[in-house]
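So the sequence shown is numbered by the working numbering: it starts at 1 and just counts up by one.
All C-beta atoms in this analysis are idealised placements derived from N, C-alpha and C, irrespective of residue type, glycine included.
Given the structure is predicted, the values throughout are model-derived calculations rather than measurements.
One structure is given below, encoded as structure tokens.
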Amino acid sequence: MKYAIWALVFALTGCYRFCERDNDRMAANATVLVANVDPVSHGVAQGTGVVIFSSADMSLILTCAHVVSHSDIVLVSPLFGQDYTGTIEKISKEDDLAIILVRAHMPNVFVANSAPGLYETVTVAGNPNGTRGVLFHTMITSYYVPFRNRPHWLLSGGVFYPGLSGGPVLNSHNEVVGIVSNVDTDDGTIIQGTGFCVSLDTIRKFISDYPL
Numbered sequence: 001m002k003y004a005i006w007a008l009v010f011a012l013t014g015c016y017r018f019c020e021r022d023n024d025r026m027a028a029n030a031t032v033l034v035a036n037v038d039p040v041s042h043g044v045a046q047g048t049g050v051v052i053f054s055s056a057d058m059s060l061i062l063t064c065a066h067v068v069s070h071s072d073i074v075l076v077s078p079l080f081g082q083d084y085t086g087t088i089e090k091i092s093k094e095d096d097l098a099i100i101l102v103r104a105h106m107p108n109v110f111v112a113n114s115a116p117g118l119y120e121t122v123t124v125a126g127n128p129n130g131t132r133g134v135l136f137h138t139m140i141t142s143y144y145v146p147f148r149n150r151p152h153w154l155l156s157g158g159v160f161y162p163g164l165s166g167g168p169v170l171n172s173h174n175e176v177v178g179i180v181s182n183v184d185t186d187d188g189t190i191i192q193g194t195g196f197c198v199s200l201d202t203i204r205k206f207i208s209d210y211p212l
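Shown next, in the form of structure tokens:
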């Protein structure tokens, strides 16, 4: 019943599973589930990450700082293939961004050089409520929204649920133009169909130390 309900939600909102469309396999393979265990409470924080660089023996994964802030060791689980243990390479709680290092080759996408236009359709990939391999179309309806004292882009339309944090916002070329940062308001309530993402400018400044 649980999966039937999710299937209905995805159908009504334009969401679909990665594996159902060949042209989205690149985004599917580069999008991972990220899990971080709190050493005190032993609670598990889960979110999404995206591989933005890969060589023969290492990969860099971009995600949100609040997803991996509990400890330096994280579990990285691709949609296909084996799980990996990763370490936090860089983190900024102010920007809500983090980079995870995995000592393995993983399929990757690239970070875009230019931002999409206002009201341009973009794609969000991630793991809402732990459901793996989901993406949906949405649009950027406002630039530089002051959210929790940081500039964010406002995304409208789609299914924004916990688990999407750290997920990539992709343009039509499967390039990362944003990272989903928050799906709720300051008081913790979820606004259906609305999400916030870290802007491309913030992302590019954050990764400027890397030859990406």
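contact_flag[the stretch 92-103, the stretch 127-137] where n(CB pairs < 8 Å) is 3 or more: no
Are the beta-carbon atoms belonging to F160 and T194 less than 8 Å from one another? yes
Quick check: does the Cβ of N29 come within less than 7 Å of any heavy atom belonging to the ligand MN? Because no ligand of any kind appears in the structure shown, any question about the ligand MN cannot be addressed here.
Over the uninterrupted beta strand (DSSP E) stretch that includes K90, give me the two end residues. Y84 to S92
By Cβ distance, which residues of its chain are closer than 6 Å to V102, with the 5 residues on each side in sequence left out? S59, V76, Y84 and G86
Whole-angstrom Cβ separation of G47 and V34, contact assumed at under 8 Å? 5 Å
Kindly indicate the opening and closing residues of the beta strand (DSSP E) around F53. V44 to S54
Can you look up V109 in the DSSP assignment and give me helix, strand or coil? coil
Beta carbon of L154, beta carbon of S142: below 8 Å? yes
Whose CA, out of S54, H152 and V68, lies closest to the CA of I104? The residue you asked about is not Ile; residue 104 is Ala in the sequence shown. Checked all of S54, H152 and V68; the closest Cα to A104 is S54.
Let me know if D209 comes out buried or exposed under the rule of 16 or more other beta-carbons within 10 Å of its beta-carbon. exposed
Quick check: what's the CA-CA separation for T13 versus V74? At T13 the pLDDT is 43, less than 50, meaning the model places this residue with poor confidence and gives no usable figure here.
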